[in-house]
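Note that this note's numbering has the sequence shown beginning at 231, numbered continuously upward.
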Amino acid sequence: MQSKTGARFIEFKQNGDERGHLVVVEGGKDIPFEIARVFYIYGSDPDVIRGKHANHRSEFVLINVNGKSKVKVDNGFTTEVFELNKPHTGIYLPKMLWKDMYDFSSDSVLLVLSNEKYDSNEYIRDYQEYVMQIRSYL
Ligand code: TYD
Numbered sequence: 231m232q233s234k235t236g237a238r239f240i241e242f243k244q245n246g247d248e249r250g251h252l253v254v255v256e257g258g259k260d261i262p263f264e265i266a267r268v269f270y271i272y273g274s275d276p277d278v279i280r281g282k283h284a285n286h287r288s289e290f291v292l293i294n295v296n297g298k299s300k301v302k303v304d305n306g307f308t309t310e311v312f313e314l315n316k317p318h319t320g321i322y323l324p325k326m327l328w329k330d331m332y333d334f335s336s337d338s339v340l341l342v343l344s345n346e347k348y349d350s351n352e353y354i355r356d357y358q359e360y361v362m363q364i365r366s367y368l
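Spelled out as structure tokens, the structure:
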């Protein structure tokens, strides 16, 4: 279901049998983009807030493959909070969405897939600058 910010959960199929579970994420098939970059975040304390940026070109899918965390998304007009707590559920974040990741459990491993390789120049790290840019799109 499309949310008011454009962020949305994606449920992945669990290929489970007596040996355990296996989840497949194929670019362009299970998620809306081809995968150019993978990174993962772990060892963040519960009081840490990560992210605090928006991206001109990068889209993301976030999956807590272990533990849990929350992501707050902001499109310059409205905010939504999503809890990530299942290894078979991701959240899709389109480009130009401000995001904060927080409330990390001590065992949290947050896997992130993106359509773009890392380029620090396409990150907007100042919230006022982000709001100005998003409003100039309208
Ligand atoms: P940062 O963007 O601050 O992480 P978060 O989004 O979780 O707040 O990135 C932390 C460091 O890692 C920073 O020095 C940039 C570097 N980095 C890369 O080199 N490549 C990447 O793809 C990412 C996401 C970060």
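Built from N, CA and C at the ideal position, the CB exists for glycine as well.
Under 8 angstroms between C-beta atoms of residue i and residue j
i       : j       : result
Lys-325 : Val-303 : no
Phe-312 : Val-301 : yes
Arg-267 : Tyr-348 : yes
Met-362 : Arg-280 : no
Gly-273 : Asp-337 : no
Helix, strand or coil at residue i according to DSSP, with G and I counted as helix
i       : result
Tyr-322 : strand
Tyr-353 : strand
Glu-313 : strand
Tyr-332 : strand
C-alpha distance - residue i paired with residue j, whole-angstrom precision
i       : j       : result
Arg-238 : Ser-299 : 16 angstroms
Gly-306 : His-318 : 29 angstroms
| query | In the region 236 to 304, which residue ranges form an unbroken beta strand (DSSP E) of at least 3 residues, counting only runs that do not cross its ends? | reply | 238 to 241, 267 to 272, 280 to 285, 290 to 296 and 299 to 304
| request: Check each residue's C-beta against every heavy atom of the ligand TYD and list, in chain order, those closer than 6 angstroms. | output: Arg-267, Phe-269, Ile-271, Arg-280, Gly-281 and Tyr-348
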